[in-house]
Structures are given as structure tokens and as C-alpha cells.
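Position 101, counted from 1, in the sequence shown is what my numbering calls 82; the numbers after and before it change by one each time, with no gaps.
We treat Cβ as the ideally placed atom computed from N, Cα and C, and that holds for glycine.
Below: the structure, in C-alpha cells.
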Amino acid sequence: MIPTGLPAFVLASTLIELTPGPNMAWLAMVAATEGRRPGLAAVGGVALGLGVIGVAAAFGLAAIIAATPALYQALRWAGVLYLLWLAWDGWRDGGAEDGNTHAGITLRRAFRRGLVTNLLNPKAALFYIAVLPGFTDPGASVLVETLILTAAYVAVATAIHAGIVALAGSAHALLDDPVKSRIVRRVLSAALALVALWFAWSSRTGGA
């Protein structure tokens, strides 16, 4: 059964995902410095992470996290530190890692980083338990509708993230010069570090 609030939910999800955040900044950095293939692998990891959190929310796990301040804060700071580590990793490399950015290990690592980044994002869990339920019909099966809306949100997020990768990836061909590549990587890494600090500030009151 299709939730009656699905169209409004898709619109709300689109607007939320178009708002700059950690995923957008990191995916742009990966695509611009490594290319579209690693960027799309990262998008796959992000999508899986969002899906896992959505399913967990449907079965109540996310509500437990949000209702437990210590657990919420632990996840929040783990996510902040992970983003800062990604920023430092990009800054430290300062250029292509080994000249073969499309190697299988690079794609797996991009996928894994996208997955971990979202699993450590308590704001995603809060979205599922604070925003999504408002679009369900109490008279219907809440579990089924939650899973359908979760799938819709993941689809919207994935489409937008793929678009970001496509746009940022177009710059990759212009960065064959190692000097230019190093400069762009470090600028984007610094931007990602700022996003991580913003994330720490904007999520500080959650879970209270």
C-alpha cells in the first residue's frame, strides 16, 4: 500500500538533501579528486548506510539511540572524528594515491567510507524518527509505510548524491596536473574539516 503522504515526503526529502551537509562535501571531494567511479562507489556506501538506519528506525533501534543521550553523543563525536580523519587523510595525500584511482581496493574503500560515515551520523536516525512518522497514516501498517518511505528517501538521496558526483567528477579531468590536484584536494579537505565542525555544532543538542 502506497502511503498517501508519499508525494509530500519526497518533496521534503529533496529539499533536505539539497541542503549542504557532510555527505555533499565529502562526495564532491571524492569525485573531484579521484573521479566518478570512486565517487559513485561512495554514493553506494552512503545509500546502504541510510537504508540500514531507516530499517533500524522502523524497528525502533533509532528511537533508543535518540532517547539515550550518552549513546547519541558517542555516535555524534565518532562521526565528527571520522569526518575530520577523512579530511586529514585527503590533506595528507595531497594528490593521487598511487596513480591508479580506479583500482578495486579504492572503490571498496570509497564504498566503505560512505557506509561508515552514515552509520555514525545520529542526525540521520533523528530524521527517521522525527520527520518520517509525520507522513505515515496511523490507520495503516506503520511498519510497512515506514519501510516504503525509507526506500523513497534513500532513492531521493542517492539520485541527488549521484548528481553531485557527476558534476564534481567533471572537474577530475581538469586536474591531471599534480600541482592543481594537490591544491584542489587540500582546499576540499579543509572544507570537509569545516563541515565536520559545523556538524558537531549543529547536532550538539540532539538526543537530550
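Residue 7 and residue -9 have their C-alpha atoms roughly 23 Å apart. One Cα belongs to residue 113, the other to residue 127, and the distance between them is close to 7 Å.
CA-CA distance, residue 18 to residue 35, rounds to 26 Å. For residue 112, no alpha helix (DSSP H) run applies, since DSSP gives it neither H nor E. Under the three-state reduction of DSSP output, residue 0 falls in the coil class, being neither helix nor strand.
Taking all protein chains shown into account, residue 40 has fewer than 16 neighbouring C-beta atoms within 10 Å of its C-beta and is therefore exposed.
Judged by beta-carbon spacing, residue 11 lies within the 8 Å limit of residue 23, meaning their Cβ atoms are closer than that value. Note that the C-beta distance between residue 101 and residue 59 is below 8 Å. The three-state reading of DSSP puts residue 170 in helix, counting H, G and I together.
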